[in-house]
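K.L.:
Take a look at this one; I'll ask things after.
There are 2 protein chains.
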Amino acid sequence: MLWHRGQISEDDGMTLLTSDRGLTLGDGLFETLPAFEGKAFLADAHLDRLMASAARFRLPLDRAVLARAVAELAGADKSPCVIRLSVSRGAGQRGLALPEPQTPNLWATRSPWTQTMAFGTARLATSSIRRHATSPSSAHKTLSYLDSIMAFDEAKQKAADDALMLDGSGHVASTAMANLFAVSGSTVMTPPATGALLPGIMRALILDHAGALGVEAIEKPLHPRDLYGADLVFATNSVRLVTHVMALDGVPLNSSADGVMTALQTLIKRLIQDETGFRLDVPS
Amino acid sequence: MLWHRGQISEDDGMTLLTSDRGLTLGDGLFETLPAFEGKAFLADAHLDRLMASAARFRLPLDRAVLARAVAELAGADKSPCVIRLSVSRGAGQRGLALPEPQTPNLWATRSPWTQTMAFGTARLATSSIRRHATSPSSAHKTLSYLDSIMAFDEAKQKAADDALMLDGSGHVASTAMANLFAVSGSTVMTPPATGALLPGIMRALILDHAGALGVEAIEKPLHPRDLYGADLVFATNSVRLVTHVMALDGVPLNSSADGVMTALQTLIKRLIQDETGFRLDVPS
C-alpha cells in the first residue's frame, strides 16, 4: 500500500523524475514505525526526529503533511503494519548544489508487521565498516544507507544476523539497524549519541522509562570488551522492539539478566497497549 | 534524454517500484562522463571502475548492457553532453538484506555539456565532514552521496565553490566532487587511493600521462599545509576536467606553475580530440 501526494493506492510503483535527488544521490530521509489497530506507535517521536534531521540537512518539510501521511496509512486497516515514510529533496539540476527552491517529494508505504519480528534474538559480527561522528549520515536515517547495507551483508557472510559497527575510536556505535545496550546488575548502558549513531526512538523510550522499572539507564561509551563483560546485551529498534544479543563474533555473550529483559518487554507491551489498544501476545 | 530498458526517450520521469533499493536506501552506483561528437570520452575506464565497484558491493551487472546504454545515449546526438549512468540494486523486501536473486535496475540520462564547465577555477573551504577509509561509500561513486552533498553545501554557505574533505587522520582526501593535486616544481602530487577517496578517471589519466609532459606524478599523502605550500593546486573530475584551485578557507593559494596547467590542458584536449574528434576551444 502506497501513500503518495495525498492518495492511498495499492500501487507498488510510482513515477519519479529522473532528476529526483533521492534517487540520484540518496538525498533524503526516512522513518520506519509500526502501527497497531490503525494507530502508528510513537508517531510524534518519529516525526520530531525526522523534522530535526530535516533541519540538519536543510530540507524544508511540512510536519502536518508528514503526520497526515502516517495517520492515513496507519488508519487504512487495523492489522499490525510497518509504515515507512520517505522524503527526498525532489528534483534538482545536475551536480551537488541544493535546488533553489526545493520541492521535496514524499511518500509512504505500508507492509505487514508480525509478532515474530518482536523480541527476537541475534548474533552479531564486528564490521570493518565504521560509523563516524564526522559523517552526518551516521546519525540520521537517510536515503544514503549503503554503508549500513554493506556492514549488514558482511555480517551475513559471517553467518551472523547483524553487524556490530564501531565508531572512529573503536567504541561501540550500534548495529547496522539498531541501538545497543549492555546490562550490568540493575544498570543498562548505551553509547552516548554524539554523532556516530542514530538516536533511536526505542533507545530514548528505554532511557526515559527505565527508572520506573527500578533500572538505572545511562549513556556511557562502551568498548566491545564491555559487551563480553556484560550480564546481558540487547539491541533496540522501532520495528523489532528489543532483540536479545546472544553472541558476538562467534563467542556467546552472558545472558544472566532475564529480569531486566522481562521488565523491558512488559514496559513496551504496556506502552503499545496504552497508545494503540493492541495487545502483543509475546510471552513474557 | 533518458535511456531505460534499452529504449531512448525524451522522458524526464520513469516508473520505479517503491521497493527499489536505489530509491529507498541509496543502494547503487553511478558514473558521470562527457561525450563529444557522439562518442563517450574514456568510456572503457568508467565502465571498468563501475564494474570494480559493483564487485565490491556484490551487485551483479552486465558490462555489455551498460556499455550499450552509454554508447546509444552518446550517439543520439553529436552535441557535447554529460551522460550519467545509474544502477540500483532493484527491488527488495523490507530491511537491509540483499535481495536473492538481485534484479538490478539501470538507466542513463543525457544533459548538455558546455565548454564553460572545463578548466575553470574554484575556491575551497575545509569541511567538517570527512571521508573515511572504513566507509565504502568514500571510495566509490554510490547512490548514497549525502555526506558529499552536505560538505558541498557547507562550502557554499562559506561562499566557497567546493569543499576540501579530509580523511580520518586529517590528511587531504578530495573535494566533494573532484580529486586534488598539488604541484611542486615539476612534480605533481595527489593523495594515494587507500579508501578515503574516489580513484578518479581524470586522476588516473594524469598519473599515467604526466611523464610524457616532463612532469613527475606521484601519489603521496598531503596535509592541508602542503596545499598552502604548493606552487599550484588543481582539482580533477571527468566533467570539469582540470579546475585551478585559487584559495583555501579564504586564503589565496600560490599560482606559480602555469606551465604545468597549460601542459595538462593541452594533454586533455589532445586526448579528447584523438578519441572523439572534438576540438575544445578553451584557450591554452
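The listed protein sequences correspond, in order, to chains A and B.
Numbering of the first sequence is given in our numbering, commencing with residue 41 and proceeding in unit increments.
Numbering of the second sequence is given in our numbering, commencing with residue 41 and proceeding in unit increments.
Glycine included, C-beta positions come from ideal geometry on N, C-alpha and C.
Would you check if the region 188-203 of chain B and the region 245-254 of chain B touch, i.e. whether three or more CB-CB distances between them fall below 8 Å?
P.N.:
no
K.L.:
Taking Cβ positions only, does HIS172/B come closer than 9 Å to chain A?
P.N.:
In the second sequence, residue 172/B corresponds to position 132, counting from 1. It does: the Cβ of HIS172/B has a partner Cβ on chain A nearer than 9 Å.
K.L.:
Assuming ALA236/A contacts ALA203/A (C-beta within less than 8 Å), just tell me the rounded distance between them.
P.N.:
Residue numbering aside, residue 236/A sits at position 196 when the first sequence is read from its first letter. Residue numbering aside, residue 203/A sits at position 163 when the first sequence is read from its first letter. Rounded, the Cβ-Cβ distance is 14 Å, inconsistent with contact.
K.L.:
In angstroms, rounded to a whole number, what distance separates the CA positions of ILE241/A and ARG150/B?
P.N.:
Your numbering for residue 241/A matches position 201 in the first sequence. Your numbering for residue 150/B matches position 110 in the second sequence. Taking the straight line from one Cα to the other gives about 42 Å.
K.L.:
Identify which residue in SER49/A, PRO152/A and GLY132/A has its Cα closest to the Cα of THR143/A.
P.N.:
Translated into the one-based positions of the first sequence, residue 143/A becomes position 103. The candidate whose alpha carbon is nearest that of THR143/A is GLY132/A.
K.L.:
Any C-beta of chain B within less than 7 Å: which residues of the region 94-107 of chain A qualify?
P.N.:
PHE97 and ARG98
K.L.:
ASP193/A: which of MET157/B, GLU140/B, ARG171/B and LEU238/B sits nearest, CA to CA?
P.N.:
Within the first sequence, the letter at position 153 stands for residue 193/A. Among MET157/B, GLU140/B, ARG171/B and LEU238/B, the Cα nearest to that of ASP193/A is on GLU140/B.
K.L.:
Give every residue of the same chain whose Cβ lies closer than 8 Å to the Cβ of LEU262/A, excluding the five residues on either side of it in the sequence, and list them in chain order.
P.N.:
For the purposes of this step, residue 262/A is taken as the residue at position 222 of the first sequence. Closer than 8 Å at the Cβ level, and outside the excluded window around LEU262/A, lie HIS211, VAL212, LEU220, ALA222, MET229, THR230 and PRO231.
K.L.:
If you measure beta-carbon to beta-carbon, which residues of the region 192-220 of chain B are closer than 7 Å to chain D?
P.N.:
Looking for chain D here will not work: the only protein chains present are A and B.
K.L.:
Round the Cβ separation of MET73/A and ILE123/A to the nearest angstrom and send it over; I've been treating them as touching at under 8 Å.
P.N.:
On the first sequence, position 33 is the one that residue 73/A refers to. On the first sequence, position 83 is the one that residue 123/A refers to. The sequence as given places Leu at residue 73/A; Met does not occur at that position. That belief holds up - the Cβ atoms of LEU73/A and ILE123/A are roughly 6 Å apart, short of 8 Å.
K.L.:
List the residues of chain A that THR182/B touches, going by C-beta distances under 7 Å, in chain order.
P.N.:
Residue numbering aside, residue 182/B sits at position 142 when the second sequence is read from its first letter. Per Cβ cutoff of 7 Å: LEU186.
K.L.:
Over the uninterrupted beta strand (DSSP E) stretch that includes MET301/B, give me the two end residues.
P.N.:
The sequence position of residue 301/B within the second sequence is 261, counting from 1. Where MET301/B is concerned, there is no enclosing beta strand (DSSP E), although the alpha helix (DSSP H) it sits in stretches over 298-316.
K.L.:
So what does DSSP say about ILE246/A, is it helix, strand or coil?
P.N.:
To locate residue 246/A, count along the first sequence from 1; it is residue 206. Here DSSP, grouped into helix, strand and coil, assigns ILE246/A to helix.
K.L.:
From the beta carbon of GLY135/B, is the nearest beta carbon of chain A less than 9 Å away?
P.N.:
Your numbering for residue 135/B matches position 95 in the second sequence. Chain A, which has a Cβ nearer than 9 Å to the Cβ of GLY135/B, makes this yes.
K.L.:
Could you confirm whether any beta carbon from chain B is found closer than 9 Å to the beta carbon of VAL285/A?
P.N.:
To locate residue 285/A, count along the first sequence from 1; it is residue 245. Chain B places no beta carbon closer than 9 Å to that of VAL285/A, leaving this residue out of the contacts.
K.L.:
Quick one: is SER296/B buried, meaning 16 or more other Cβ sit within 10 Å of its Cβ, or exposed?
P.N.:
The residue given as residue 296/B occupies position 256 in the second sequence. Classified as exposed, SER296/B has fewer than 16 neighbouring CB atoms from the shown chains inside 10 Å of its CB.
K.L.:
Can you give me the Cβ contacts of LEU87/B inside the same chain, cut-off strictly under 8 Å, excluding the 5 residues immediately before and after it?
P.N.:
Taking the second sequence and counting its residues from 1, the one referred to as residue 87/B is at position 47. Closer than 8 Å at Cβ, skipping near neighbours: GLU71, ARG103, LEU106, ALA107 and VAL110.
K.L.:
Relative to the C-alpha of VAL291/B, which residue among SER177/B, SER178/B, LEU304/B and ALA200/B is closest?
P.N.:
The sequence position of residue 291/B within the second sequence is 251, counting from 1. Ranking the options by Cα distance to VAL291/B, first place goes to ALA200/B.
K.L.:
How big is the Cα-Cα spacing for ARG134/A and ASP289/A?
P.N.:
The residue given as residue 134/A occupies position 94 in the first sequence. The residue given as residue 289/A occupies position 249 in the first sequence. Computed Cα separation, rounded: 43 Å.
K.L.:
Let's test the definition: count the other Cβ atoms within 10 Å of the Cβ of THR174/B and tell me whether it reaches 16, buried, or not, exposed.
P.N.:
Counting from 1 along the second sequence, the entry for residue 174/B is found at position 134. Burial call: buried.
K.L.:
Of the choices ALA218/B, LEU99/B, MET205/B and ALA94/B, whose alpha-carbon is the least far from that of LEU138/B?
P.N.:
As a working note, residue 138/B is residue 98 in the second sequence. Closest option to LEU138/B, Cα to Cα, is LEU99/B.
K.L.:
So, for ALA113/A: in the same chain, excluding its five sequence neighbours on each side, which residues have a beta-carbon less than 6 Å away from its beta-carbon?
P.N.:
Position 73 of the first sequence, counting from 1, holds the residue named residue 113/A. Reading the sequence as shown, one finds Leu at residue 113/A and not Ala. Counting only Cβ-Cβ distances below 6 Å, and skipping sequence neighbours, we find TRP43, ILE123, ALA148 and ARG150.
K.L.:
Indicate the three-state DSSP secondary structure (helix, strand or coil) for ILE169/B in the structure shown.
P.N.:
Counting from 1 along the second sequence, the entry for residue 169/B is found at position 129. Coil, per DSSP.
K.L.:
Taking the alpha-carbon of ASP321/B as reference, which of PRO152/B, SER184/B and PHE159/B has the nearest alpha-carbon?
P.N.:
For this step, residue 321/B is matched to residue 281 along the second sequence. Ranking the options by Cα distance to ASP321/B, first place goes to PHE159/B.
K.L.:
Report the rounded CA-to-CA distance for LYS196/B versus PHE318/B, giving the unit in angstroms.
P.N.:
What you label residue 196/B is simply residue 156 of the second sequence in a count that begins at 1. What you label residue 318/B is simply residue 278 of the second sequence in a count that begins at 1. Spanning the two alpha carbons is a distance of roughly 33 Å.
K.L.:
Just checking: is the beta-carbon of VAL110/B within a distance shorter than 9 Å of some beta-carbon in chain A?
P.N.:
Along the second sequence, one-based indexing puts residue 110/B at 70. So, not an interface residue.
K.L.:
Compare the C-beta of GLU128/A with all C-beta atoms of chain B and state if any pair is closer than 9 Å.
P.N.:
Here the question's residue 128/A lines up with position 88 in the first sequence. The sequence as given places Ser at residue 128/A; Glu does not occur at that position. For SER128/A, the answer is yes, since a Cβ of chain B falls inside 9 Å of its Cβ.
K.L.:
Could you tell me which residues DSSP puts in a beta bridge with GLN47/B?
P.N.:
Residue 47/B sits at position 7 when you count from the first residue of the second sequence. BP columns for GLN47/B point to HIS44/B.
K.L.:
Which residues of chain B have a Cβ atom closer than 7 Å to the Cβ of MET190/A, listed in chain order?
P.N.:
Numbered from 1 along the first sequence, position 150 holds the residue referred to as residue 190/A. Going along chain B in sequence order, the residues near MET190/A (Cβ under 7 Å) are PHE97 and PRO176.
K.L.:
Would a check of beta-carbon distances place MET242/B closer than 9 Å to chain A?
P.N.:
As a first step, residue 242/B is located in the second sequence; it is residue number 202 there, counting from the start. So, not an interface residue.
K.L.:
Taking only beta carbons into account, state which residues of the region 52-63 of chain B come closer than 9 Å to chain A, listed in chain order.
P.N.:
So the close ones are ASP52, GLY53, MET54, THR55, LEU56, LEU57, THR58, SER59, ASP60, ARG61, GLY62 and LEU63.
K.L.:
Under a three-way DSSP split, which group does PHE192/B fall into?
P.N.:
Looking up residue 192/B in the second sequence gives position 152. Reduced to three states, the DSSP call for PHE192/B is helix.
K.L.:
For a cutoff of 9 Å on Cβ pairs, would you count SER151/A as touching chain B?
P.N.:
Stepping through the first sequence from its first residue, residue 151/A is reached at position 111. Yes, contact with chain B.
K.L.:
Taking the straight line between their C-alpha atoms, what separation do you get for SER49/B and ALA80/B?
P.N.:
Position 9 of the second sequence, counted from the first residue, corresponds to residue 49/B. Position 40 of the second sequence, counted from the first residue, corresponds to residue 80/B. Straight-line Cα distance between these residues: approximately 19 Å.
K.L.:
Roughly how many angstroms separate the alpha carbons of LEU307/A and HIS180/B, rounded to a whole number?
P.N.:
What you label residue 307/A is simply residue 267 of the first sequence in a count that begins at 1. What you label residue 180/B is simply residue 140 of the second sequence in a count that begins at 1. Cα-Cα distance, rounded: 44 Å.
K.L.:
On the DSSP bridge list, what partners appear for PHE221/A?
P.N.:
Residue mapping note: residue 221/A aligns to position 181 of the first sequence, counting from 1. Per DSSP, PHE274/A.
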